[in-house]
Amino acid sequence: MQKSLIEIAYEFVAESKDAVNFVKIWNHVKEVAGLSEEEANKKAGQFFTNMMLDGRFVTLGENEWDLRSRHTFDKVHIDMKDVYSDVDTVDDDNEEEEEEKEYNQVFEERENEEGDSQEESDEDEENSDSEGSEF
Numbered sequence: 010m011q012k013s014l015i016e017i018a019y020e021f022v023a024e025s026k027d028a029v030n031f032v033k034i035w036n037h038v039k040e041v042a043g044l045s046e047e048e049a050n051k052k053a054g055q056f057f058t059n060m061m062l063d064g065r066f067v068t069l070g071e072n073e074w075d076l077r078s079r080h081t082f083d084k085v086h087i088d089m090k091d092v093y094s095d096v097d098t099v100d101d102d103n104e105e106e107e108e109e110k111e112y113n114q115v116f117e118e119r120e121n122e123e124g125d126s127q128e129e130s131d132e133d134e135e136n137s138d139s140e141g142s143e144f
């Protein structure tokens, strides 16, 4: 029975003493699985995604990967408070207002154009009604 690409990667990283660069992992996986360059190019993205989603692996930054079991939670945990901020700056608020004005301006122009064309058609109807009443 042939091993999956992710299992090959797991065994390779497990045998390594330190974190391993993704390129080294992928080159090893391609070689062991016997993938042609064409096959490898087609599968590289999915393989990377699989590593990201596989709970056994952890990225340590700089494209270095290791087994999660070798690291404490504190070392590999990313505090989302450091990534996202609840505080909007004044510049952000002004920028959002400008974007909203620009966005809404398109709709206001359309409404004005439609209103003008509606007035013209109303005038045309009035003129045709008054012309028709003479008969």
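Numbering (the working numbering), first residue to last: 10 to 144.
Quick reminder that beta carbons are idealized off the backbone N, C-alpha and C, glycines included.
Predicted model, so just to flag it, every value in this text is computed and none were measured.
- The way I'd put it, the region 23–36 does touch the region 71–78; three or more beta-carbon pairs between them come closer than 8 Å.
- If you draw a straight line from the Cα of Glu46 to the Cα of Lys52, it comes to about 10 Å.
- Short of 6 Å from the beta carbon of Val38, and not among the five residues preceding or following it, lie these beta carbons of its own chain, in chain order: Leu14, Ile17 and Ala18.
- Exposed is the label assigned to Phe57, since fewer than 16 other Cβ atoms lie within 10 Å of its Cβ.
- In the structure shown, Asn72 falls within a coil segment according to DSSP collapsed to helix, strand and coil.
- As the crow flies, the alpha-carbon of Glu123 is around 19 Å from that of Glu111.
- A straight-line Cα-Cα distance of about 49 Å links Glu104 and Ser25.
- Judged by DSSP secondary structure, Lys39 falls within the alpha helix (DSSP H) whose first and last residues are Phe31 to Ala42.
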